[in-house]
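>
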Amino acid sequence: MELIEIKNIFEREKVGKEVYFRGWVYRRRIIGNKIFLVVRDANGIVQVVIKDPKLVEKIQPIQIEGSLAVKGIVHEDKRAPGGYEVEAKEIEVFDYGKPFPLRGREEPDTIQKYRHLWIRSRWFSATQKIKHSLLKNLREWYVKDGWFEVFPPILVGNACEETTTLFEVKYFDQKAYLSQSAQLYLEALIFSLGKVFSLTPSFRAEKSRTRRHLHEYWHFEIEAAWYTMEDLMKVTEESLKYAIGKTIEERKDEFEIIKEKTGRNIEELKAIIEKPWRVITYKQAIDILKSKGMNIDHGSDLGADEERVLTLQFDTPVFVIEYPRKLKAFYMFDKDENVVKNFDLLAPEGYGEIVGGSEREWRLDILEKKIKEWNLDKLKVKIGDEEISAYEWYLDLRRFGSVPHSGMGLGVERLLMWVCKLEHIRDALPFPRLREGWLYP
Ligand code: NSS
Numbered sequence: 099m100e101l102i103e104i105k106n107i108f109e110r111e112k113v114g115k116e117v118y119f120r121g122w123v124y125r126r127r128i129i130g131n132k133i134f135l136v137v138r139d140a141n142g143i144v145q146v147v148i149k150d151p152k153l154v155e156k157i158q159p160i161q162i163e164g165s166l167a168v169k170g171i172v173h174e175d176k177r178a179p180g181g182y183e184v185e186a187k188e189i190e191v192f193d194y195g196k197p198f199p200l201r202g203r204e205e206p207d208t209i210q211k212y213r214h215l216w217i218r219s220r221w222f223s224a225t226q227k228i229k230h231s232l233l234k235n236l237r238e239w240y241v242k243d244g245w246f247e248v249f250p251p252i253l254v255g256n257a258c259e260e261t262t263t264l265f266e267v268k269y270f271d272q273k274a275y276l277s278q279s280a281q282l283y284l285e286a287l288i289f290s291l292g293k294v295f296s297l298t299p300s301f302r303a304e305k306s307r308t309r310r311h312l313h314e315y316w317h318f319e320i321e322a323a324w325y326t327m328e329d330l331m332k333v334t335e336e337s338l339k340y341a342i343g344k345t346i347e348e349r350k351d352e353f354e355i356i357k358e359k360t361g362r363n364i365e366e367l368k369a370i371i372e373k374p375w376r377v378i379t380y381k382q383a384i385d386i387l388k389s390k391g392m393n394i395d396h397g398s399d400l401g402a403d404e405e406r407v408l409t410l411q412f413d414t415p416v417f418v419i420e421y422p423r424k425l426k427a428f429y430m431f432d433k434d435e436n437v438v439k440n441f442d443l444l445a446p447e448g449y450g451e452i453v454g455g456s457e458r459e460w461r462l463d464i465l466e467k468k469i470k471e472w473n474l475d476k477l478k479v480k481i482g483d484e485e486i487s488a489y490e491w492y493l494d495l496r497r498f499g500s501v502p503h504s505g506m507g508l509g510v511e512r513l514l515m516w517v518c519k520l521e522h523i524r525d526a527l528p529f530p531r532l533r534e535g536w537l538y539p
């Protein structure tokens, strides 16, 4: 008999017919001399009723998450989830299972110890399907718009962002680092491919323990020759609106599950992607924060608290542009002596930064000065007997046909956190790397 997926049981023409499917026990109840199991697979749940005394005896010891294959007849039943139920005729048990250590509502330490089991929850798998769709749709948008996907290295010899947040690794007899961003390599690639994007893990050895910082996260980055900041903001907004809009359509069932858990309502998201997103300058942002009684001065960075207060003033994501150059990375284009041509895109509802982007400094003389000013010229690498600056190759990009260009990086877990209204970033990925001790599992 043909094996089917559980979601395909729920069809009127299956009523009265036999079906055959496999899965795991999700819930289990004994009422009188019957057993009711809710069985799940990757994409659905179905109620199975066991009445036959021999089968009842056989199935009695099965535990939550025990694995089995069921053959049975489909009945309509208004009380069952989805309105149908299967009356079991034959059951093959693969593993009765030990008593499952998770019941829901566990403390974080227990969840960490059993993370590999916790990720089976319907709620968590719904978040991962939404993540899958968001990334598929983002890729789709960029591919349709003529961008090439590229594959930069993860083991690197120099810093892209702050040198203080690098993870150092031994690379034979040399020092290497885990990449913080593919950006510098993407910049090299635009000279041959024009518009490129990549999806890679990025690493940050940040000391901060916040609800939105991981030591390893997935980074979706784009870079394009000839692009200005305005071009970059336009594609960032359009591609995110497309990806979120299409994901809402594709993942209605998953959003229903998420709604029960976090209260995320897709109507709120739809309203957000139908409006033009706001743009304010860093200067305006500080003025707004001051007027809200925040203790912050011009020149200070926006932390999670400031971003939260700021985003609560708007009903769409907001691009905060033109930060003081001292607060930002060396590679950003100096608009004038004070500010750079950059943006941080802050997600609404208190979530804050999900994307960082900028026009790049493409003028050789200014970039050379900035590398010195940021003390990055001290970093050396050996090539044969020669010792050269670790950023020499990056400067070469400004020596051989330099052009204006721009790019951005999106934190995938940060995006998912906002889209699903998650409280903590650790729930946006299966095996978070949070701080010491979070290498298990
Ligand atoms: O440091 S960023 O703001 N910018 C860059 O790395 C650029 N080099 C990207 C580029 O232009 N190609 O990081 C970009 C985004 C940021 O907005 C967050 O959404 C995310 O990466 N991000 C993080 N997510 C989770 N955990 C941590 N620690 C983290 N750091 C950045």
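If you want the working numbering, it's the 1-based position in the sequence shown plus 98.
Yeah, the Cβ is synthetic: ideal placement off N, Cα and C, and Gly gets one too.
(1) Have a look at Trp-112 and Ala-224 and give me their C-alpha separation to the nearest angstrom.
(2) Examine the ligand NSS and report whether any of its heavy atoms sits within less than 6 Å of the Cβ of Glu-238.
(3) Determine the DSSP secondary structure at Ala-526, reduced to helix, strand or coil.
(4) Label Tyr-325 either buried or exposed according to how many other C-beta atoms from any shown protein chain fall within 10 Å of its C-beta, with 16 as the threshold for buried.
(5) Can you check which of these residues, His-503, Gly-499, Ile-384, is closest to Glu-420 by C-alpha distance?
(6) Across which residues does DSSP place Gly-170 in a beta bridge pair?
(7) Is the CB-CB distance between Thr-261 and Arg-302 below 7 Å?
(8) Return the CA-CA distance between Tyr-124 and Glu-314, expressed in angstroms with no decimal places.
(9) Which residue's Cα is closest to the Cα of Arg-310: Leu-514, Lys-242, Glu-471, Lys-470?
(10) Below 6 Å, is the gap between the Cβ of Tyr-283 and the nearest heavy atom of the ligand NSS?
(11) Am I right that Glu-163 and Arg-218 are in contact with their C-beta atoms under 8 Å? What's the rounded C-beta distance?
(12) Which residue marks the beginning of the beta strand (DSSP E) containing Gly-454, and which one marks its end?
(13) For Gly-507 versus Ser-337, is the C-beta spacing smaller than 7 Å?
(14) On the DSSP letters alone, give me the boundaries of the alpha helix (DSSP H) that His-214 sits inside.
(15) Per DSSP, Val-248 forms a beta bridge with which residues?
(16) From Lys-344 to Gly-121, what does the alpha carbon distance come to, in whole angstroms?
(17) Would you say the beta carbon of Leu-312 comes nearer than 6 Å to a heavy atom of the ligand NSS?
(18) Any idea if Met-430 is buried or exposed, counting beta-carbon neighbours within 10 angstroms, 16 or more meaning buried?
(19) The beta strand (DSSP E) with Met-99 in it runs from where to where?
(20) Determine, using beta carbons only, whether Asp-395 and Leu-425 come nearer to each other than 7 Å.
(21) Nearest-angstrom Cα distance between Glu-190 and Glu-109?
(22) Any heavy atom of the ligand NSS within a distance shorter than 6 Å of the CB on Tyr-315?
(23) Does at least one heavy atom of the ligand NSS sit under 6 Å from the Cβ of Met-331?
(24) Give a yes or no on whether the C-beta atoms belonging to Val-294 and Leu-282 are separated by under 7 Å.
(25) Within its chain, find whatever has a CB closer than 8 Å to the CB of Phe-222; leave out the 5 residues flanking it on each side and keep chain order.
(26) Does the region 179-190 come within contact of the region 147-159, defined as at least 3 CB pairs closer than 8 Å?
(27) If we define contact as Cβ-Cβ less than 7 Å, is Thr-261 a contact residue for chain B?
(28) Of the choices Ser-456, Leu-408, Leu-200, Phe-134, whose alpha-carbon is the least far from that of Asp-175?
(29) Check whether the Cβ of Cys-518 lies closer than 6 Å to any heavy atom of the ligand NSS, and answer yes or no.
From the atom records:
(1) The count along the sequence shown starts at 1 and reaches residue 112 at position 14. The count along the sequence shown starts at 1 and reaches residue 224 at position 126. Per the sequence shown, residue 112 should be read as Lys rather than Trp. The straight-line gap from Cα to Cα measures roughly 26 Å.
(2) As a working note, residue 238 is residue 140 in the sequence shown. No.
(3) The sequence position of residue 526 within the sequence shown is 428, counting from 1. Three-state result, Ala-526: helix.
(4) As a working note, residue 325 is residue 227 in the sequence shown. Buried: at least 16 other Cβ atoms inside 10 Å.
(5) Translated into the one-based positions of the sequence shown, residue 420 becomes position 322. Checking every option, the nearest Cα to that of Glu-420 belongs to Ile-384.
(6) Translated into positions along the sequence shown, residue 170 becomes position 72. Beta-bridge pairing links Gly-170 to Val-117, Ala-186.
(7) Position 163 of the sequence shown, counted from the first residue, corresponds to residue 261. Position 204 of the sequence shown, counted from the first residue, corresponds to residue 302. No, they are not a contact pair.
(8) Here residue 124 is taken as the residue at index 26 of the sequence shown, counted from 1. Here residue 314 is taken as the residue at index 216 of the sequence shown, counted from 1. When rounded, the distance between both Cα atoms is 31 Å.
(9) Here the question's residue 310 lines up with position 212 in the sequence shown. Residue Leu-514 is the option with its Cα nearest to Arg-310.
(10) Here the question's residue 283 lines up with position 185 in the sequence shown. No; taking the cut-off as 6 Å, the Cβ of Tyr-283 has no heavy atom of the ligand NSS nearer than that.
(11) Taking the sequence shown and counting its residues from 1, the one referred to as residue 163 is at position 65. Taking the sequence shown and counting its residues from 1, the one referred to as residue 218 is at position 120. Right, their Cβ atoms sit about 7 Å apart.
(12) For the purposes of this step, residue 454 is taken as residue 356 along the sequence shown, with counting starting at 1. Taken as a continuous stretch (DSSP letters only), the beta strand (DSSP E) holding Gly-454 covers 450-457.
(13) Locating residue 507 in the sequence shown gives position 409, counting from the first residue. Locating residue 337 in the sequence shown gives position 239, counting from the first residue. The answer is no: Cβ separation not under 7 Å.
(14) Within the sequence shown, residue 214 is the residue found at index 116, counting from 1. Per DSSP, His-214 belongs to the alpha helix (DSSP H) from 213-216.
(15) As a working mapping, residue 248 is identified with position 150 in the sequence shown. Per DSSP, none; premise fails for Val-248.
(16) The residue you call residue 344 lines up with position 246 of the sequence shown. The residue you call residue 121 lines up with position 23 of the sequence shown. Their backbone Cα atoms lie some 29 Å apart in a straight line.
(17) Reading the sequence shown from its first residue, position 214 is the one you call residue 312. Yes, the Cβ of Leu-312 comes within 6 Å of a heavy atom of the ligand NSS.
(18) Working through the sequence shown from its first residue, we reach residue 430 at position 332. With 16 or more Cβ atoms within 10 Å of its Cβ, Met-430 is classed as buried.
(19) Reading the sequence shown from its first residue, position 1 is the one you call residue 99. That residue, Met-99, is in no beta strand (DSSP E); it is neither H nor E in DSSP.
(20) Position 297 of the sequence shown, counted from the first residue, corresponds to residue 395. Position 327 of the sequence shown, counted from the first residue, corresponds to residue 425. Cβ atoms of Asp-395 and Leu-425: not closer than 7 Å.
(21) Position 92 of the sequence shown holds residue 190. Position 11 of the sequence shown holds residue 109. Going from the Cα of Glu-190 to the Cα of Glu-109 covers about 24 Å.
(22) What you label residue 315 is simply residue 217 of the sequence shown in a count that begins at 1. Checking the Cβ of Tyr-315 against the ligand NSS gives yes.
(23) Counting from 1 along the sequence shown, the entry for residue 331 is found at position 233. Not so, every heavy atom of the ligand NSS lies at least 6 Å from the Cβ.
(24) Walking along the sequence shown from the start, residue 294 turns up at place 196. Walking along the sequence shown from the start, residue 282 turns up at place 184. No, these two residues do not count as a Cβ contact at 7 Å.
(25) Position 124 of the sequence shown, counted from the first residue, corresponds to residue 222. Counting only Cβ-Cβ distances below 8 Å, and skipping sequence neighbours, we find Trp-216, Asp-525, Pro-528.
(26) yes
(27) Protein chains in the displayed structure number just one, and chain B is not present.
(28) One-based indexing of the sequence shown puts residue 175 at position 77. Residue Phe-134 is the option with its Cα nearest to Asp-175.
(29) As a first step, residue 518 is located in the sequence shown; it is residue number 420 there, counting from the start. Not under cutoff, so the answer is no.
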